[in-house]
Structure formats: C-alpha cells, structure tokens
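Notes follow once the structure below has been shown.
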Amino acid sequence: MINERNLLIWLNHLGSITYETILSLKSYFGKLEEIWYTNENHLYHALENRRIIAEKMLKTRNKEFLQKIIDKNYQKDFTVITIEDNDYPQRLKDIYNPPYVLYVKGRVGINFPLIAIVGARKSTPYGRWAAKKFAKELTDWDIGVISGLALGIDTEGHKGALEGKGYTVGILGCGIDKCYPKSNQNLYKQMENLGTIISEYPPGVQPLKHHFPARNRIISGLSDGVVVIEAGEKSGTLITVEHALQQGKDVFALPGNINNSQSKGTNKLIREGAKILLSVEDIIEELKYKYVLNNTKEEENLKQDLSQEEMKVYNIIRENPVHIDLISYKSGISISEVNILLTILELKGFINQLPGKIYTVSK
Amino acid sequence: MLAKVKTCCIYGLTATDIEVEVDINNGLPVINIVGLPDISLKESKERVRAAISNSGLEFPLRRITVNLAPADTKKEGTHFDLPITLGVLAASGQINLEKFSQILVLGELSLDGRINRVNGVLPMLLEMYNMGFHQVILPKGNMEEAKLVNGMECIGVESLKELVGFIKGEIQLGVHRNCNVQNWKEIEYDLDFRDLKGQDNLKRGLEIVAAGCHNLLMIGPPGSGKTMAARRLPSILPKLTMDEAMEITKIYSIAGLLEEDKGLITQRPFRSPHHTASMVALTGGGRIPKPGEVSLSHNGVLFLDELPEFTRNTLEVLRQPLEDGSVTISRVSASFTYPAKFMLVASMNPCPCGYFNTTENGYSCSCTPQQINRYVGKVSGPLLDRMDIVVETTAVTYDELISNKEAESSAIIRKRVEKARQRQLERYKGTKFTFNSQLNSSALKKYCILDSKTQNLLSSAFEKMKLSARGYNRIIKISRTIADLNDSDIIKTDHLLEALQYRQNNNLMWR
C-alpha cells in the first residue's frame, strides 16, 4: 500500500505541493517511500522553509487517511494516472511544473496532434463563429481540439470538434466529478463519451479562482500549438500564451476588428510575432513537420470524386511534383492512359501542369 | 550543213523539250552556242571538242553555230554536251541521224569521251514521255532512275565511241522498255526504339506524329534523349506509296542526290540540317532554283536539332511550306514551286544552360531570366503555333535506365502507325487530303465527328485550359489521329483526353 504511486496521489490530495518539491524530497531521501517512515526532523530538514507543507504531511500521515483517499480515487468512472505511469502523456513531462497526478475521464492516452483553441469567456459572435469553424476544420485533418471547458470560446471550440466528429480534450479547473460551469452539463457528458476530460485536482475540489491559470499550463502543455481566438488586453487567456511560449509551442492569433476590445489582445499578439490565423492551412503548415497529416475529409471526398486509377495517379503527384514519364513508370499505367487520367484530373481541378511537363496538386 | 537533235531542259519540277540545232559553215574555226546558255553550258564546247577528238572522230575545223531552240528561255545543265556532240558529228557528215529524229539525247561528256551521269533525269523523262517522246539515249549511270518511267525506251551508253557505233549500226545496245519497279524490300533500320529506355511520353508523341504527319517540338534538358528519339523516328514511319516514292525520287534526281545503283527511293527522307544552315539552304535556291531541305524532306521528316540556334530568318521561311505543303521560289524569269509536305520535328533546351526546371541529380539552371527569354524568343510565336504536339522531356532516372521493363520495338509501333495511315488514306480517298494534319476547318467538321459527351468535354476544356481557336483545331486533329491509332471511327472521350495533354501550355514559364 505504501508505494510511490499512492504517495503521489496522497501528496496531490494535500494540494499546493509542486512536482519540484517532490523531486527535491526524492533527491533528499533517495526514495519517495522514505517520507512516510522518516521522522519529523528529517522531514522539516528536507523541506527546509516549507513548514506548512511539512505540517500538513505530518498531520495526514496515517494509514486511515491514505486508505480513504485511495478508495476515493479508485472509482469506476475515472482513471488515475501518475507521472510514473506509462499512460502519462509524454509531452506533459517536458513542461515546467507538470501535474504529477491526472484524473481522466473518457479516452486515455494522447499521441496525436492537438491544437488548443482558447479565448475569453466574454466573447463576440465573431469569436464564437471562428472557434467553431476552426475546430471543425481541424477535425478534417484528424487533429484534436483541446480547451478549458469554460464558457465562450472554449465551449465553441469543443462543440466544433464534436460536430466534426473529431476528438476533443477538456481540462478542468475543479475536481473531475464536478461540472463547471453547470450550463455545460450537456457538453461535459458528450465529451466524457467521445473525448477526454482531464483534471489535476482530486475529486471534490471546488473550482477556485487560482485553479484556472494553473490548468492553462496543462492546456498548452498537451497541445502542439495554441490558437487564440479572442482575448482582451488583460485576459487570462494571455496566461495560456505565456505558458505556450515558455513551453516552445506555436501561438496563432485570429485577427479582429481593431475597435473591438475582445480582439485587442489577439491583435497585439500578432504585432508581437504570433502567427496570424487566416485559414486552417496556417496551422497545418506548422504541424506538417511534426506529423504526417492527411485531410481525411478531403480524402473521403476524393474517393467519391475520383476513380481508383485517377486516385493512384493523384497520390503519386501528391507526394512530389513529378514528370509525366515518372508517373507512368511509378504507377505502371501506360503512357496514353496516364495522359487521359491527367487531363481528367486537370479538368476536375485537382492538379496543375508546371513547365517541363511536371504535375503538381492544385492549392 | 544543218543537224537537229532533241533534248530537254528542267525548270523546277517540270521540263520542256529543246531542239539543238548545229550548223557548220565556212569561216574561222570557232564554236558559238546561242539561245541563252548559262556558264556550264557555254563551257560545253571545250568538252565537246576534246571528247570528239579523243574518241577517234574528227572535229570539223570550220565555223560551228549551235542554237538551242526555243531561244528565249535560259538553259542550264551539262546534259547538253551529248546532243551538241551528236549535232556536230551529224552536221559534219560523220553520222546519219535520220532514224533518230524523235529520240531524246541527254548526257555529259568527259574529255576522254566517257559519258557521265546527269541530274534531274527522272522528272525530265516523265514530262517528256507525256509530251510524246518514247525513246531516250542517256548515260548508263542514269539507267536505274530512267527505268522508272513506264513505257520509255531507254538506251544507256557509256562512251561516245559506243554511241557512235550504235548509231552507225555497228553495235547493239540493250533497249530497256517498261521496266517494273524493283521489289520493295523490307528496310532494315539500325536504330530502334527498343534501345530507348524511359521517355514513354516522348515515344507516344512520336508515334502520334508519325501516324498523322503532325509537327512536334521537344523541349528538355541535355541528355534526355531528344535527338536519340528523333533519329529513331524513320524506323516507325509507314512505308511509302508509289506516288510518294516517285515524288521524292524526282526531287532527289534534280538535287543530284540519287545514288547510281538505286533507282526509286523507298525510304522516307529524314533530313537534319545543321543549325548554321542558311535560308536558301532550307527553301532552295539558285538562278534556276534547286530544291532545299524543306523539299528534300518532302513526305518525310525535317528534323531541326537545337531550334533556337538557327537564325530567326531561317526559321521564319518555314512558315509558308508548313502551311501550304509546298515552297515557291520566285525569280525574274519565272517562279518555281517544289512540293514540301514534311513533318517538322524540332528539339530545344528550355534555356541556354539546358537545366531550367530540372531539379533531379543535382542539376540547376544558371541562366538569368533575360537569357532565357532571349533564347526562347528566337523561336517565333507563329512557328510555335504550328507545332501540333509539344513534349517536354526530363532526364531519365537511373531506375528507368536499369529497369528491365522491355521497351516496345520500332516494328510494333510501325505496325500501329501504318494501320492508322491506312485508315486515313481510305477516309480521304478522292479528296486533296492525305493526313489528319492537313485538314482545314470545314473538313474537320466533316471528318472529325465528336459524340455529344466528347463535345461537352471539349467545350469545358476550351474554357478551363484557355485554348486558342487554332489550338482548338489542333486538338481535334490530334484526337483524330489518336482515334485512328486506336482503330476507332469516331473520336471518343479518351482520345480527346489524351490529345489535350499534348497541347501547348499557354502559361508555361519559358514562354
């Protein structure tokens, strides 16, 4: 019962103990289990000037209390992952002060591209439209949408992803068993089934004000890039941007009306060097280097529009701009057939001819 | 005494009969040739004098006047030597020509009395036969080509001595009459498309132009097989018909390019003039013009390698022959028309260094845009507009080079081409057309029937690919040829789709 995993859950339950503290305890004692058995003086010495934490630990260092939280944590409707588990998302380990215990509802294990769509709760119709639109378009490329399950932009982002039958992750600022805000009950349920809901707070924890900026580091940490839809000049969203920049993630900002207070933050971000977001391709362009991205929606449309042979030729052209002889050679289709297929593709507008009888996909 | 001998003279591709009148009178020993002879003809008197005395005959030391009637047209050629000699001998009473009053005499003399072959025999005899001359005395070296004239009695002679013996009735000479054309032999080509790896698109393009007699332009980096492919083009060209072979042989006869032991030309000509060729070399020229490269490639291929290296003027003269199928050269005395129905195949690099748009194998173009413009600009728009098919080649990849994929042999391709040409010959029977490429717009409507689906496709392609009116006709003509290659009476969608790939791309960067 006294093992590292359970101790991590216990420490997380106490609150306000960072992963850094845990690492320093680990290096002091050699093994984390030691903190359960060690005497007071040693503990005080290990924690040096963090007396409050030490006192908290001493107060709850009994088997009954531990049993209670362990029981609470092994409920069926959510999973607990600690930083020592294999399921723990690798990309979170790389950030500063990672959460060492995660409570997860829905799908566990994140290994595909995620884009954070964030923005202020107070939003304009333009912002809500854009959030939904981009979220939906990202799902066409098999890219998930991560956000904070808050009102406004966050909600629209999640909704757009669900509408596109894509994957979406929500990070909570309260216990995993709580739905905040209440009006998002429906969305919360849907995401439980189709996506993932994550919280670093133990069940039962209230949505406290300081939790929200903290959870933002997880949003940006899990993502491959942060899209800021709308933000006022002093919006909390800008904290997410801070985290993203520290973690080395791409930041995209949606340009807006210069008179609109909700776009002041994003416009300012653009001025400071964030990537301007004009179409979903702007995001794809950056992610291309990290992942093999295919527009699955487009793929489906293609399959409807193109015959098998046309598809074969199109796929060869899609890899690289290529000369007509090489198309015939690679596909094994005779040159006169290839000529026919190329004209069809050209007329359908899928490919373009470059000088030198080289073909490339249009767009 | 007066003597008359019949001969003829060539003007362009036609000939007129000429009477050589020789009169010998008392006076200072001299020969005068009148009747507008040119230099080569004037010199003839020296050859005549030497040949007569070196053949054991007597050259009359009196005043000799030679008149070439009709006296108002200019005459040219060395084949007047023999008729003048016979005239001199007859006028001096050494031979009697009464029996030979309607026989044509042609031939050039050596000083020792041998009779040398002359140029233009075939077209002259064809014309003369129609005018009613049925017997000819001519150099033995010209016999093979003379035999092609059906019904003509040809007497081949080797020396003046032999001829005099024949006229006197001392020697019998073989008289050839109505000789059948020699058997058409299967021509063996030493270059075969089998040796050309990769370049499938270029090969298909060449197959189409060979079938429909279209013009083709190849653009590609050095070493991409352009010249190699063009040199193999004759091996897939269809066999000549008798009429075509006669036309070619006539032209070659005038140009003096016939080989002695071969009569009829049975192989389609493939001419590839060097890019230093002058305007006159291409069209033909001279006071009485000789055929140039465009006529020498009649019914065959004119291959211009490195097109932009030709001077612009030289290239511009190609426009009329390409349009009319003949070339007309005007002189003060007359204008001469030679046939010039050739297939133009040209090759060029996309830029001076040759590697524009080539990225494979680490090549890259080092030319400035101005250089490229200047280079490409040498080929004028109107000429480019007459190129039915444009094929852009790329360097062959190593994979293709070593691949075991068997390339088609020329014989297989030629079979398809011949079939397609046969279809065209049957379709255009009784019209002035022979090939799809010659169709004009009214003939297009008649012979190139598109079904409604194909018509719709063409109209949308017209919009999307921004075709010009000429380009539109060109596409239909090529579709017609592709349909012929596929043995189809109507042009189907697939044929049109393939043809569209061979169009000139308007928005090519090099243009």
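So the protein lines, in turn, are chains Y and P.
For what it's worth, our numbering labels the leading residue of the first sequence as 639, then goes sequentially.
For what it's worth, our numbering labels the leading residue of the second sequence as 11, then goes sequentially.
Just so you know, even glycine gets a beta-carbon here, dropped at the ideal spot from N, CA and C.
In this text, all values refer to a predicted model and were calculated from it rather than measured experimentally.
(request) Count the other C-beta atoms from every protein chain shown that fall within 10 angstroms of the C-beta of residue 243/P, then say buried if there are 16 or more, exposed otherwise. (result) Within the second sequence, residue 243/P is the residue found at index 233, counting from 1. Classified as buried, residue 243/P has 16 or more neighbouring CB atoms from the shown chains inside 10 Å of its CB.
(request) Using a Cβ-Cβ cut-off of 7 Å, state whether residue 963/Y counts as contacting chain P. (result) Against the first sequence, residue 963/Y aligns to sequence position 325. At a cut-off of 7 Å, the C-beta of residue 963/Y has a neighbouring C-beta in chain P.
(message) Between the alpha carbons of residue 410/P and residue 240/P, how many angstroms are there, rounded?
(response) Start at 1 with the first residue of the second sequence, and residue 410/P comes out as number 400. Start at 1 with the first residue of the second sequence, and residue 240/P comes out as number 230. When rounded, the distance between both Cα atoms is 19 Å.
(request) Give a yes or no on whether the minimum CB-CB distance between residue 1005/Y and chain P is below 7 Å. (result) Only positions 639 to 1001 of chain Y appear in this structure, which leaves residue 1005/Y out of reach.
(request) Count the other CB atoms, across all protein chains shown, that sit within 10 Å of the CB of residue 479/P; report buried if there are 16 or more and exposed otherwise. (result) By one-based count along the second sequence, residue 479/P stands at place 469. Exposed, because fewer than 16 other Cβ atoms sit within 10 Å of the Cβ of residue 479/P.
(message) Using beta carbons (cut-off 7 Å, strictly below), is residue 981/Y in contact with chain P?
(response) Counted from its first residue, the first sequence places residue 981/Y at position 343. It does; some Cβ of chain P falls within 7 Å.
(message) Check this for me: beta carbons of residue 336/P and residue 349/P, under 7 Å apart or not?
(response) Your numbering for residue 336/P matches position 326 in the second sequence. Your numbering for residue 349/P matches position 339 in the second sequence. Result yes, Cβ atoms of residue 336/P and residue 349/P sit closer than 7 Å.
(request) Pull out every residue of the stretch 456 to 489 of chain P whose Cβ sits closer than 7 Å to any Cβ of chain Y, in chain order. (result) 470, 471, 474
(request) Kindly indicate if chain P contains any beta-carbon less than 7 Å away from that of residue 995/Y. (result) Numbered from its first residue, the first sequence carries residue 995/Y at position 357. Answer yes: the Cβ-Cβ gap between residue 995/Y and chain P drops below 7 Å somewhere.
(request) For the beta strand (DSSP E) holding residue 990/Y, just list the boundary residues, first then last. (result) The count along the first sequence starts at 1 and reaches residue 990/Y at position 352. Segment 989 to 992, the beta strand (DSSP E) holding residue 990/Y.
(message) My assumption, with CB atoms under 8 Å, is that residue 655/Y sits in contact with residue 691/Y. Please give the rounded CB distance.
(response) Position 17 of the first sequence, counted from the start, is the residue given in the question as residue 655/Y. Position 53 of the first sequence, counted from the start, is the residue given in the question as residue 691/Y. With a Cβ gap of about 6 Å, residue 655/Y and residue 691/Y count as contacting.
(request) Output the distance between the C-alpha atoms of residue 776/Y and residue 912/Y, rounded to the nearest integer angstrom. (result) As a first step, residue 776/Y must be located in the first sequence, where it is residue number 138. As a first step, residue 912/Y must be located in the first sequence, where it is residue number 274. Spanning the two alpha carbons is a distance of roughly 19 Å.
(message) So if DSSP puts residue 357/P in a beta bridge, which residue, or which two residues, is it bridged to?
(response) Here residue 357/P corresponds to residue number 347 of the second sequence, with the count starting at 1. 228/P, per the DSSP bridge assignment.
(request) Measure the beta-carbon distance from residue 358/P to residue 514/P and round it to whole angstroms, keeping in mind my assumption that it falls under 8 Å. (result) As a working note, residue 358/P is residue 348 in the second sequence. As a working note, residue 514/P is residue 504 in the second sequence. That belief does not hold up - the Cβ atoms of residue 358/P and residue 514/P are roughly 13 Å apart, past 8 Å.
(request) Return helix, strand or coil for residue 186/P, following the three-state DSSP convention. (result) In the second sequence, counting from the first residue as 1, residue 186/P sits at position 176. Strand at residue 186/P.
(message) Check this for me: beta carbons of residue 1035/Y and residue 990/Y, under 7 Å apart or not?
(response) Because chain Y in this structure spans residues 639 to 1001, residue 1035/Y falls outside the shown range and cannot be described.
(message) Strictly by DSSP, which residues pair up with residue 31/P?
(response) Position 21 of the second sequence holds residue 31/P. DSSP, once it has assigned bridges, lists 14/P, 77/P as partnering residue 31/P.
(request) Report the option in 126/P, 416/P, 387/P whose CA atom is closest to the CA atom of residue 58/P. (result) Walking along the second sequence from the start, residue 58/P turns up at place 48. Ranking the options by Cα distance to residue 58/P, first place goes to 126/P.
(message) With a threshold of 7 Å between beta-carbons, can residue 654/Y be considered close to chain P, or not?
(response) Counting from 1 along the first sequence, the entry for residue 654/Y is found at position 16. Output row for residue 654/Y: interface = no.
(message) At the level of alpha carbons, what is the spacing between residue 780/Y and residue 807/Y?
(response) Locating residue 780/Y in the first sequence gives position 142, counting from the first residue. Locating residue 807/Y in the first sequence gives position 169, counting from the first residue. The alpha-carbon atoms of residue 780/Y and residue 807/Y are separated by roughly 14 Å.
(message) Would residue 519/P pass as an interface residue toward chain Y - the criterion being a Cβ-Cβ separation below 7 Å?
(response) Position 509 of the second sequence holds residue 519/P. In this prediction, residue 519/P scores a pLDDT of 45, lower than 50, which makes its location untrustworthy; no coordinate-derived value is stated.
(request) Identify, in the order they occur along the chain, each residue of the same chain with its Cβ nearer than 7 Å to the Cβ of residue 950/Y, setting aside the five sequence neighbours on each side. (result) As a first step, residue 950/Y is located in the first sequence; it is residue number 312 there, counting from the start. Within the same chain, Cβ atoms closer than 7 Å to the Cβ of residue 950/Y are found at 969, the five residues on either side in sequence being excluded.
(message) Helix, strand or coil, according to DSSP, for residue 301/P in the structure here?
(response) Residue mapping note: residue 301/P aligns to position 291 of the second sequence, counting from 1. Here residue 301/P sits in strand by DSSP.
(request) Starting from the Cα of residue 280/P, find the closest Cα among 273/P, 290/P, 310/P, 258/P and give me that residue. (result) Locating residue 280/P in the second sequence gives position 270, where the first residue counts as 1. Checking every option, the nearest Cα to that of residue 280/P belongs to 310/P.
(request) Could you name the residues of the same chain whose beta carbon sits closer than 6 Å to that of residue 792/Y, not counting the 5 residues immediately before and after it, in chain order? (result) Taking the first sequence and counting its residues from 1, the one referred to as residue 792/Y is at position 154. Within the same chain, residue 792/Y has close Cβ partners 785, 786.
(request) Check residue 520/P in the structure and name its three-state DSSP category. (result) For this step, residue 520/P is matched to residue 510 along the second sequence. For residue 520/P, the predicted model reports a pLDDT of 49, less than 50, meaning its position is unreliable; a value from the coordinates is still stated below. It is coil, neither helix nor strand.
(request) Kindly give me the distance between the Cβ atoms of residue 835/Y and residue 851/Y, rounded to whole angstroms, as I take these residues to be in contact under 8 Å. (result) Numbered from 1 along the first sequence, position 197 holds the residue referred to as residue 835/Y. Numbered from 1 along the first sequence, position 213 holds the residue referred to as residue 851/Y. Not really, about 19 Å apart at Cβ, beyond 8 Å.
(request) Closer than 7 Å, Cβ to Cβ, to anything on chain Y: give me those residues from the stretch 361 to 375 of chain P, in chain order. (result) 367
(message) By DSSP's criteria, residue 961/Y is part of a beta bridge. Which residues make up the other side?
(response) Reading the first sequence from its first residue, position 323 is the one you call residue 961/Y. DSSP output for residue 961/Y lists 996/Y as bridge partner(s).
(message) For residue 669/Y and residue 716/Y, I'd like the C-alpha separation in whole angstroms.
(response) Here the question's residue 669/Y lines up with position 31 in the first sequence. Here the question's residue 716/Y lines up with position 78 in the first sequence. Rounded to the nearest angstrom, the two C-alpha atoms are 28 Å apart.
(request) Note the first and the last residue of the continuous beta strand (DSSP E) segment covering residue 667/Y. (result) Along the first sequence, one-based indexing puts residue 667/Y at 29. Taken as a continuous stretch (DSSP letters only), residue 667/Y belongs to no beta strand (DSSP E), being part of the alpha helix (DSSP H) at 657 to 667.
(request) Measure the C-alpha to C-alpha separation of residue 90/P and residue 117/P and round it to an integer number of angstroms. (result) Locating residue 90/P in the second sequence gives position 80, where the first residue counts as 1. Locating residue 117/P in the second sequence gives position 107, where the first residue counts as 1. So the alpha carbons of these two residues sit roughly 7 Å apart.
(request) Would you kindly report the start and end of the unbroken beta strand (DSSP E) that includes residue 166/P? (result) By one-based count along the second sequence, residue 166/P stands at place 156. Where residue 166/P is concerned, the enclosing beta strand (DSSP E) stretches over 163 to 167.
(message) Considering Cα atoms alone, identify which of 286/P, 142/P, 95/P is closest to residue 63/P.
(response) Reading the second sequence from its first residue, position 53 is the one you call residue 63/P. Residue 63/P has its Cα closest to that of 95/P, out of 286/P, 142/P, 95/P.
(request) Give me the Cα-Cα distance between residue 65/P and residue 120/P, rounded to the nearest whole angstrom. (result) Residue 65/P sits at position 55 when you count from the first residue of the second sequence. Residue 120/P sits at position 110 when you count from the first residue of the second sequence. About 11 Å.
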